[in-house]
Amino acid sequence: MKYPYSKRVIEHFRHPHHMGRMKNPDAVGVAGNPVCGDVMYIYIKVKDNRIIDLKWETMGCAAAIATTSMLADLAIGKTLDEAEKLTKKEVADALEGLPPIKMHCSNLAADALRDAIKKYREKHEN
Amino acid sequence: MQVYLDNATTTRTADEVIEAMLPFFNEKYGLPSSEFGHSMGIDASDALEQSRKTIANYLNVKPNEIVFTSGETESNNLAVLGVARAKGKGHIITTSIERLSILNTCRHLETKGFEITYLPVDKHGLVSPDDLQSAIRDDTILVSVQHANPEIGTVQDIKAIGEICGEHNILFHTDASSSFGLEDLPMEHIDLATFTSHLIHGPKGIASLFVREDITIKPIFFGSNNEFGIRPGFENIPGIVGFAKAVTLLSKKYVEKMRKQRDHIINELTAIPHTYLNGHPEKRLCNNVNVSFSFIEGESVVLHLDMRGIATSTGSACSSPNLKGSYVLEAVGQDPEVSHGSLRLTLSRYTTDREIEYALKHIKDVVSKLREMSPFKDEDTFRKMAKEEHK
Numbered sequence: 000m001k002y003p004y005s006k007r008v009i010e011h012f013r014h015p016h017h018m019g020r021m022k023n024p025d026a027v028g029v030a031g032n033p034v035c036g037d038v039m040y041i042y043i044k045v046k047d048n049r050i051i052d053l054k055w056e057t058m059g060c061a062a063a064i065a066t067t068s069m070l071a072d073l074a075i076g077k078t079l080d081e082a083e084k085l086t087k088k089e090v091a092d093a094l095e096g097l098p099p100i101k102m103h104c105s106n107l108a109a110d111a112l113r114d115a116i117k118k119y120r121e122k123h124e125n
Numbered sequence: 000m001q002v003y004l005d006n007a008t009t010t011r012t013a014d015e016v017i018e019a020m021l022p023f024f025n026e027k028y029g030l031p032s033s034e035f036g037h038s039m040g041i042d043a044s045d046a047l048e049q050s051r052k053t054i055a056n057y058l059n060v061k062p063n064e065i066v067f068t069s070g071e072t073e074s075n076n077l078a079v080l081g082v083a084r085a086k087g088k089g090h091i092i093t094t095s096i097e098r099l100s101i102l103n104t105c106r107h108l109e110t111k112g113f114e115i116t117y118l119p120v121d122k123h124g125l126v127s128p129d130d131l132q133s134a135i136r137d138d139t140i141l142v143s144v145q146h147a148n149p150e151i152g153t154v155q156d157i158k159a160i161g162e163i164c165g166e167h168n169i170l171f172h173t174d175a176s177s178s179f180g181l182e183d184l185p186m187e188h189i190d191l192a193t194f195t196s197h198l199i200h201g202p203k204g205i206a207s208l209f210v211r212e213d214i215t216i217k218p219i220f221f222g223s224n225n226e227f228g229i230r231p232g233f234e235n236i237p238g239i240v241g242f243a244k245a246v247t248l249l250s251k252k253y254v255e256k257m258r259k260q261r262d263h264i265i266n267e268l269t270a271i272p273h274t275y276l277n278g279h280p281e282k283r284l285c286n287n288v289n290v291s292f293s294f295i296e297g298e299s300v301v302l303h304l305d306m307r308g309i310a311t312s313t314g315s316a317c318s319s320p321n322l323k324g325s326y327v328l329e330a331v332g333q334d335p336e337v338s339h340g341s342l343r344l345t346l347s348r349y350t351t352d353r354e355i356e357y358a359l360k361h362i363k364d365v366v367s368k369l370r371e372m373s374p375f376k377d378e379d380t381f382r383k384m385a386k387e388e389h390k
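Chains as they are written, first to last, in numbering that gives the first Met the number 0: chain A, 0 to 125; chain B, 0 to 390.
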């Protein structure tokens, strides 16, 4: 393998899952910023405290794109309580690892999801 | 299809060059010796001096002004350190967009008591001769300004810079490694110049430093008395022969061909919305295209293109081992959110129109694919989010 990424990262990078903007999401979470080069938007649909659909948009490197795609696979179907416990390490492990330097700067999808869940809860507690 | 568009990093060695080098590995493998030594050594001396003459003739300088080194890094180190050591102390002027072999040498000299001025560049990467004029001090010993920038392709006004140095009697070095064979250089205004082989389809590991015969620089290596006492160590004869062969293959007809191809690529890519040309619109190397695409990141672009057989490069921080963005794009004032989306394509004489059409088709496709994926669709939202982060 000549690339610094695992086969799974490359698969998700080439053919990302659940990519795109969602119409009328129940909440939108954001992580990263354009100055650092990686930004993730995560859109969720929630029913009975469960994520029934998730879509995302990412600007970033291959690791940023693959981690968002993998996070979507992991989060859909989970309850909000389960989903908010998803860690960066779980995302990276599911991708058969990430180059160490990409662990922190590009692996932000779990943060974006937690942000979405937080916003969903704020909206529904009122 | 394999398309190599990274010729500012290195070029394919020409077949004619390889052919010229081969006998010097297993037939004429001697090292240069005095005329009283054996024939193998004398043959090597002849090859060395003939090659030196070929390169000197091309540049219209004297053979004894060409010193062979191991690469542009060594030539640049030798120029700056060699002058600094000969003078002992003083002030050096360079620019903020030089190769690291100039910048890091200058930073080293700062720790040794030398003072360095790093001239800024404008948004196109040009150094202002007025800035140079006002930076000159009584104790300025050297000015080092590159001929052309390897990243954004901007070509400096070497004649104007050289004239200012001449008026003040200050030594002038130019790193001409990116422009060699592509742009004419006014040698009469230059005291020291770096030329390298691997960017003109010669072998890697060989370069030269032009040192005007009436100036004195000190060596940075110590050993035997090779290369006029300036660069000890046995000469890389196959490399030197290959370098000289590559020089004989240089031709203006390739420059014209590349310039047309470059303009076509720039026209096609800047027609994509939210795409900016980096570097100077006119004063640029005939083989350099550098653009930034808003809303996407360059490592992703380079990786997608590589998977389609196209070799390119980016100034994005995400693709560098230390996650630092391009210092050249920073120096021309490009915001990091935009420089993340930079893409450099550099041509060679071997680049065909068919390869360019293939690359353009795939670049457009990759950019649109990544933009579809990006949360940003308009400059306002993009810049606003970046601006908040800048605070």
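The C-beta atom is built at its ideal place from N, Cα and C for all residues, glycine as well.
- With respect to chain A, the C-beta atom of B/F242 has no partner C-beta closer than 8 Å.
- At least one C-beta of chain A is nearer than 8 Å to the C-beta of B/H389.
- In this structure the region 90-100 of chain A does not lie against the region 47-61 of chain A, because fewer than three pairs of beta carbons, one per stretch, are closer than 8 Å.
- At a C-beta separation below 9 Å, A/M18 has these neighbours in chain B: E371, M372.
- Across the set A/A65, A/Y119, A/P3, A/R13, the C-alpha of A/R13 shows the shortest separation from the C-alpha of B/D364.
- A distance of 8 Å or more separates the beta carbons of B/S44 and B/I205.
- Scanning its chain for C-beta atoms nearer than 6 Å, with the 5 sequence neighbours on each side dropped, one finds around A/K54 the residues H17, G19, M21, Y42, in chain order.
- Residues of chain B whose Cβ lies closer than 7 Å to the Cβ of A/T66 do not exist, since the nearest Cβ in that chain is about 13 Å away.
- DSSP lists no beta-bridge partner residue for B/G36.
- Cα atoms of B/N148 and B/G278: separation of roughly 9 Å, rounded to the nearest angstrom.
- Annotation for B/T345: L4, D5, N6, A7, N286, N287 place their beta carbon closer than 7 Å to its own, counting only its chain and skipping 5 residues before and after.
- Annotated as proximal: B/K244 and B/A19, with beta-carbon spacing under 8 Å.
- Going by beta carbons, B/S291 and B/S325 fall outside the 8 Å limit.
- The beta carbon of B/V66 lies closer than 7 Å to those of S207, L208, V210, E226, F227, I229, R230 in the same chain, with the five residues before and after it left out.
- In this structure B/A175 is in contact with B/A192, their Cβ atoms being roughly 5 Å apart against a cut-off of 8 Å.
- The C-alpha of A/A108 lies about 32 Å from the C-alpha of B/A358.
- With a cutoff of 8 Å on beta-carbon distance, B/S315 and B/E329 are scored as not near each other.
- In this structure B/V254 is in contact with B/L181, their Cβ atoms being roughly 6 Å apart against a cut-off of 8 Å.
- For secondary structure counted as the alpha helix (DSSP H) over 4 or more consecutive residues, the region 73-98 of chain A holds these complete runs in sequence order: 79-83, 87-93.
- Counting every other CB atom within 10 Å of its CB across the protein chains shown gives B/E166 a total below 16, marking it as exposed.
- Comparing C-alpha distances from B/G222 to each of B/I214, B/E234, B/T215, B/M372 shows the shortest one belongs to B/E234.
- A direct Cα-Cα distance of roughly 23 Å separates B/G152 from B/H361.
- Partner residues in the beta bridge of A/D37, as assigned by DSSP, are A/N32.
- Non-local beta-carbon contacts of B/H90 in its own chain, meaning distances under 6 Å to residues more than five positions away in sequence, involve E114, R136, D138, T139 in chain order.
- The three-state reading of DSSP puts B/E114 in strand, counting E and B together.
- The C-alpha of B/S177 is placed about 9 Å away from the C-alpha of B/I199.
- Collapsing the DSSP output to three states places B/S325 in coil.
- Residue pairing by DSSP places B/F67 opposite B/S207 in a beta bridge.
- Not one beta carbon of chain B lies nearer than 8 Å to the beta carbon of A/E124.
- Shortest Cα-Cα distance from B/L304 to any of B/K376, B/V366, B/I41 involves B/V366.
- Close to A/I100, with beta-carbon spacing below 9 Å, are these residues of chain B in chain order: P320, N321, L322.
- Chain order gives no chain A residues near B/A330, where near means a beta carbon separation below 8 Å; the closest approach is about 17 Å.
- Ranked by Cα distance from B/V300, the first of B/P320, B/K251, B/R370, B/G238 is B/R370.
- Residue contact check for A/P33 against chain B: a CB pair falls below 8 Å.
- Minimum Cα-Cα distance from B/A134 among the listed residues B/M306, B/C164, B/G124 corresponds to B/C164.
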